[in-house]
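Down below is the structure, laid out as structure tokens.
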Amino acid sequence: MKVRRWTGLTLAVAALAALGWWLATPPAQAHCDTMAGPVIVDAQAALTAGDVTRVLKWVPAEDEAEIKAAFDDALALRKLGDQAGEVGDLRFFETLVRVHRAFEGAPYTGLKDHDVEPVIALTDAALASGSADEVIAELTAAVEAGLRERFAHVREAEAHADDSVEAGREYVAAYVEWTHFAERLHLAATTSAAHGGAGHDGHAAPAAADAHAGH
């Protein structure tokens, strides 16, 4: 069988598949731990209003008590002056983001000062404007470019696949990248957006990652 022709190919495919699913996950996760992200923006608004309700949507019900306690501590420290208030605010932000990240199934690595990724900024702007056209255009262009680049590479590699063992391996690597890239895109586009099972935003890697492990 063709599957047995390439020694160690199954392991290579499995490794690339795992890497692919990991690469497909971080952007959505990275959005929530930035100072400009929606979690902190809501947290700042909640502190200003003196009402924790605004941020509770970011955490599961069983963690509400921890968030409320951190919020009350932050409000109390604000009454002691600006410096104490800044400390309390930061502790509240860290607690909120840490709990939210745990809900997503992602590790908490601290608050980030860097700006939100451009595509995430576009998604937020789309909600504000009421139109998804710009997001759709941006993603469509990026997807098309990614597909065309990988297709051209695998076609070129295929033409020389039998020239040598190294050329054959280059073709296999290009083939795996081409097929798994298309698979990841299709799964991302067709997976239900319902918030069930895997947690908030469905960040857990789907079991289908092994679908092509036998290539």
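Quick note on numbering that gives the first Met the number 0: the sequence shown kicks off at 0 and runs consecutively. In this text, a Cβ means the ideal position worked out from N, Cα and C, and glycines have one as well. Note that this is a predicted model, so its numbers are computed, not measured.
For this session: Let me know the secondary structure DSSP gives T139 once reduced to three states.
Result: Walking along the sequence shown from the start, residue 139 turns up at place 140. Assigned with DSSP and collapsed to three states, T139 falls in helix.
Exercise. Mapping DSSP to helix, strand and coil, what is A203?
Worked result: By one-based count along the sequence shown, residue 203 stands at place 204. Confidence at A203 is low in this model, with a pLDDT of 42, below 50, so its placement is unreliable and no value can be given for it.
For this session: Compare the C-alpha of P37 against each of T47, L46, V54, G49 and name the closest.
Result: Working through the sequence shown from its first residue, we reach residue 37 at position 38. The residue with the shortest Cα to Cα distance from P37 is V54.
Exercise. Can we count T178 as close to the ligand PLP, meaning its CB is less than 6 Å from some heavy atom?
Worked result: With respect to the ligand PLP, the structure offers nothing, as it holds no ligand at all.
Problem set entry | Option nearest F92 by Cα separation, candidates Y107, L126, D123 | As a first step, residue 92 is located in the sequence shown; it is residue number 93 there, counting from the start. The option with the nearest alpha carbon to F92 is Y107.
Problem set entry | Cβ-based neighbour list, H159, same chain, cut-off 6 Å, excluding 5 preceding and 5 following | Numbered from its first residue, the sequence shown carries residue 159 at position 160. By the criterion of a C-beta distance shorter than 6 Å, H159 is surrounded in its chain by A166, once the five residues flanking it on both sides are discounted.
Exercise. In three-state DSSP terms, what is K223?
Worked result: This structure cannot settle anything about residue 223, because the visible part of the chain is limited to 0 through 214.
For this session: Starting from G167, trace the alpha helix (DSSP H) both ways and give me its first and last residue.
Result: Within the sequence shown, numbered from 1, the residue matching residue 167 stands at position 168. Looking at the DSSP string, the run of the alpha helix (DSSP H) that includes G167 is 164-189.
Exercise. Which stretch, first to last residue, makes up the alpha helix (DSSP H) that contains T47?
Worked result: Position 48 of the sequence shown holds residue 47. T47 -> alpha helix (DSSP H) spans 37-48.
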